[in-house]
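Asker: Quick note, the sequences are listed as chains A and B, same order.
Position one of the first sequence corresponds to residue 0 (numbering that gives the first Met the number 0), numbered consecutively onward.
Position one of the second sequence corresponds to residue 0 (numbering that gives the first Met the number 0), numbered consecutively onward.
Even for Gly, the Cβ is constructed at its ideal location relative to N, Cα and C.
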Amino acid sequence: MLKRLHQFEDAVLASLALLLVGLAGLQIAARWHVIAQFLPDGGIPWADSVLKSTVLWLAMLGALTAARDDKHLGMDALVHVLAPNAKRVVRALAFVFAAAVSGYVAYYGYEFVLLEHESPSDSNSVIPGWIVAAIFPIAFLGMSLRFFLHGYKAARGNSELAEPIVVASTGKNGS
Amino acid sequence: MIWLGLALLLLAAFGTPFFALIAAMAVFGFVYAGYEPTLLVVEFNRIAEMPVLVAIPLFTLAGYILSESGAPQRLVRLANASVGWMPGGLAIVAIFACAIFTVLTGASGVTIVALGAVLLPALRHGMYDDKFSLGLLTTSGSLGMLFAPALPLIIFGVVAQQLSLENAPPVEMQQLFLAGILPGVMMIVALSIYAIAKAPKNAPLQRFRFGEFAAAVKDSAWELPLPILVAVGILSGKVAPSEIAAVTAIYVLVVYVLIRRELPFRAVPRVLRDAMMLVGAILTILGMSLALTNVFIDQEIPTKLFDLVRTHIDSKITFLLILNAFLLIFGMLLEGIPAIVILTPLLLPIAVGYGIHPVHFGIIFIANLQIGLFLPPVGMNLFIASMRFQEPITRLVRACVPFFFILLLCTLVITYVPWLSLVLLAPTLAPSLGP
Chain A
0 MLKRLHQFED AVLASLALLL VGLAGLQIAA RWHVIAQFLP DGGIPWADSV LKSTVLWLAM
60 LGALTAARDD KHLGMDALVH VLAPNAKRVV RALAFVFAAA VSGYVAYYGY EFVLLEHESP
120 SDSNSVIPGW IVAAIFPIAF LGMSLRFFLH GYKAARGNSE LAEPIVVAST GKNGS
Chain B
0 MIWLGLALLL LAAFGTPFFA LIAAMAVFGF VYAGYEPTLL VVEFNRIAEM PVLVAIPLFT
60 LAGYILSESG APQRLVRLAN ASVGWMPGGL AIVAIFACAI FTVLTGASGV TIVALGAVLL
120 PALRHGMYDD KFSLGLLTTS GSLGMLFAPA LPLIIFGVVA QQLSLENAPP VEMQQLFLAG
180 ILPGVMMIVA LSIYAIAKAP KNAPLQRFRF GEFAAAVKDS AWELPLPILV AVGILSGKVA
240 PSEIAAVTAI YVLVVYVLIR RELPFRAVPR VLRDAMMLVG AILTILGMSL ALTNVFIDQE
300 IPTKLFDLVR THIDSKITFL LILNAFLLIF GMLLEGIPAI VILTPLLLPI AVGYGIHPVH
360 FGIIFIANLQ IGLFLPPVGM NLFIASMRFQ EPITRLVRAC VPFFFILLLC TLVITYVPWL
420 SLVLLAPTLA PSLGP
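#1: Quick one: is A:Gly61 near chain B, going by C-beta distance under 7 Å?
#2: Could you work out which residues of chain A lie near B:Gly125, taking near to mean beta carbons separated by less than 8 Å?
#3: With C-beta atoms as the reference, is B:Met275 less than 7 Å away from A:Gly61?
#4: So, with DSSP's three-state summary, where would you put B:Lys197?
#5: Could you check which residue in B:Leu374, B:Arg272, B:Ile312 and B:Gly378 has the C-alpha nearest to that of B:Leu57?
#6: Chain B partners of A:Gly133, CB-CB under 8 Å?
#7: Alpha carbon to alpha carbon, how far is A:Leu144 from B:Ala61?
#8: Which residue's Cα is closest to the Cα of B:Ala230: B:Ile243, B:Val112, B:Leu407 and B:Ala220?
#9: Going by C-alpha distance, which of A:Ala97, A:Asn84 and A:Gln26 is nearest A:Leu63?
#10: What's the call for B:Gln389, buried or exposed, on a 16-neighbour Cβ count within 10 Å?
#11: Is the Cβ of A:Leu1 closer than 7 Å to any Cβ of chain E?
#12: Could you tell me the alpha carbon to alpha carbon distance between A:Ala10 and A:Leu4, rounded to whole angstroms?
#13: Please list, in chain order, the chain A residues whose beta carbon lies closer than 9 Å to that of B:Ser288.
#14: Taking the alpha helix (DSSP H) that B:Asp435 falls in, what are its first and last residues?
#15: Could you compute how far the alpha carbon of B:Pro226 sits from the alpha carbon of B:Ser219?
#16: Please determine if the segment 314–328 of chain B and the segment 378–396 of chain B are in contact, where contact requires at least 3 C-beta pairs separated by less than 8 Å.
#17: My output table needs one value for A:Asp149: the three-state DSSP class, helix, strand or coil.
#18: My assumption, with CB atoms under 8 Å, is that B:Leu103 sits in contact with B:Leu65. Please give the rounded CB distance.
#19: Just the C-alpha distance for A:Met142 and B:Asn201, rounded to the nearest angstrom, thanks.
#20: Quick test of your reading: A:Gly73 and B:Thr15, contact by CB under 8 Å. State the CB separation rounded to the nearest angstrom.
#21: Flag B:Met24 as yes if its beta-carbon sits less than 7 Å from any beta-carbon of chain A, otherwise no.
#22: State the Cα-Cα distance for the pair B:Ile363 and B:Gly352, rounded to the nearest angstrom.
#23: I need the straight-line Cα distance from B:Gly354 to B:Leu421, nearest angstrom please.
#24: Residues of chain B with a CB under 9 Å from the CB of A:Phe147: which are they?
#25: Whole angstroms are fine: how far does the CA of B:Val254 sit from the CA of B:Phe444?
#26: Smallest Cα separation from B:Val416: which of B:Glu165, B:His311 and B:Leu181?
#27: Could you compute how far the alpha carbon of A:Gly150 sits from the alpha carbon of A:Ala91?
#28: Just how far apart, CA to CA, sit B:Val92 and B:Arg259?
Quick look at the structure:
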């Protein structure tokens with residue numbers, strides 16, 4: 000079940016990244032008049048706002064997945080050298096704090112969605128602002144839960160420090 | 000207030016994600032000043048409004064794909080065929096290859112992982128001293144950060160543009176890109192001279208063979224257009240960074256997935272996901288810091304800080320020296336991009352107060368970060384190199400010492416000779432700031 004969710008999450012993230020590349024390409028093609036004859040005058044009016052929303056969603060979903068894999072940027076030099084018991088306490092504290100802050104931001108993200116629903120800040124946007132903003136409470140609530148789980152695992156002593164983001168992600172470390 | 004600061008510092012040392020710490024500070028600031036905490040999200044939402052922001056995911060994506068392709072190996076082969084015949088040629092190959100790769104991949108650290116495996120055995124085979132080789136590769140992992148379109152330059156530009164500076168020209172992306180060229184070249188030349196001096200005396204010199212050179216060029220036929228495309232696009236000033244980023248990402252995807260097929264279809268979602276995790280981690284920090292910057296400006300903290308600094312330091316020269324020391328330490332602790340995002344709103348107004356051109360400040364900042372990334376005890380690249388080369392950190396630290404001093408000297412030159420950063424800017428934008 001959880002594995003399915005993670006696969007789904009990865010797929011959404013990858014698709015959004017491809018959508019971003021596609022939209023950015025389309026926009027350039029329009030601006031440089033490569034495909035101008037196929038388009039109405041003035042390029043693609045909706046591309047800009049959709050592109051912006053896509054970056055925001057990508058950033059938030061990327062952050063949500065980074066919380067899952069403990070890939071958020073922070074200082075871990077001290078944690079590396081601590082004794083196992085101290086490491087447990089320290090890591091649990093850090094995660095619980097991150098969970099609390101994320102939860103707080105999620106709540107005010109929800110308020111922001113309500114605000115956007117009542118009085119949209121950009122009435123020209125193709126996608127209603129409150130739908131774009133909905134990613135805030137969703138992603139931050141998810142991050143809060145994940146940080147809390149990490150904190151729980153760390154307190155029980157069965158959590159390993161993640162490798163630095165670049166090394167782990169290229170999958171070539173230590174070979 | 001002091002207790003809160005201490006608590007946050009402690010949490011930072013415990014490894015709490017930076018974004019959560021910045022968010023906590025911003026929320027505290029808003030509530031303290033009597034604003035609604037919703038303002039945090041309103042400010043965060045502004046990241047969607049920055050046109051240059053599209054460039055960040057696109058460049059990161061291109062970088063991750065490049066590092067998984069065979070491009071690093073071909074780049075090294077080509078560099079070796081071109082300058083490998085010189086004394087110290089192989090080391091110069093390493094320096095150039097690392098610099099180009101860091102520019103294209105933006106985030107440093109990837110360079111050590113992707114190129115280290117090719118370059119370390121090559122240097123060993125070329126009879127270079129092991130300590131020299133390890134030091135060179137660990138150092139070169141952050142080389143190239145001053146060249147466009149490396150991410151640190153773009154991020155600095157984004158952050159600086161958010162600040163409305165009095166008595167200072169606005170920071171434009173194009174100017175930053177131009178300003179980084181000479182300082183970056185100076186660092187490469189300085190390291191190359193040292194490499195020539197340290198070249199093994201008894202090693203047989205490799206001869207220049209045209210056949211191999213031609214073959215290497217042919218082999219990298221798909222890679223060669225990329226740096227040219229990026230450089231021409233940026234220097235022409237007619238193309239926005241986000242457009243160059245889009246073209247780069249599309250080119251890289253098409254070439255390595257569809258044409259060369261070095262990245263199997265199966266692997267694409269994983270690479271995309273990993274790249275977007277880094278993007279998410281960077282942009283959450285950036286978004287939260289937009290809110291914090293607002294708190295700073297509202298509370299006039301940069302002005303107060305400037306007045307405080309001014310009472311203790313009245314010469315620009317002393318200020319710059321202290322700035323360098325400060326940036327080195329925080330560059331090491333905050334690992335590059337977070338340092339730019341957190342410190343620029345506080346330090347840039349002070350620097351401008353001392354009559355430093357904002358673009359010059361950006362270059363000083365990034366030059367220091369570049370060193371901070373391999374500064375002991377906790378520079379990020381030391382850990383990455385240690386994992387990559389399977390060497391203890393202490394050995395890498397000793398190996399990096401001469402390189403540290405060379406780059407420190409370069410950074411001091413960059414700091415005290417503003418001409419180097421500003422000469423390429425359009426004459427009308429040249430420094431006209433009073434002290």
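Answerer: From the atom records:
#1: yes
#2: Near B:Gly125 there are no residues of chain A at all, since even the closest Cβ is about 22 Å away, more than 8 Å.
#3: yes
#4: coil
#5: B:Arg272
#6: In the sequence under discussion, the amino acid at residue 133 of chain A is Ala, which differs from the Gly named in the question. Residues of chain B passing the Cβ test: none, with the nearest at roughly 12 Å.
#7: 31 Å
#8: B:Ile243
#9: A:Ala97
#10: exposed
#11: Among the protein chains in the structure shown, which are A and B, there is no chain E.
#12: 10 Å
#13: Per Cβ cutoff of 9 Å: no residues; B:Ser288 is ~12 Å from chain A at best.
#14: Beyond the ends of chain B as shown, which are 0 and 434, falls residue 435 of chain B; an answer cannot be given.
#15: 12 Å
#16: no
#17: It is worth fixing the name first, because residue 149 of chain A is His in this sequence and not Asp. Reduced to three states, the DSSP call for A:His149 is helix.
#18: 6 Å
#19: 58 Å
#20: 6 Å
#21: no
#22: 16 Å
#23: 14 Å
#24: Per Cβ cutoff of 9 Å: no residues; A:Phe147 is ~12 Å from chain B at best.
#25: The displayed coordinates of chain B run from 0 to 434. Any statement about residue 444 of chain B would go beyond what the structure contains.
#26: B:Leu181
#27: 4 Å
#28: 24 Å
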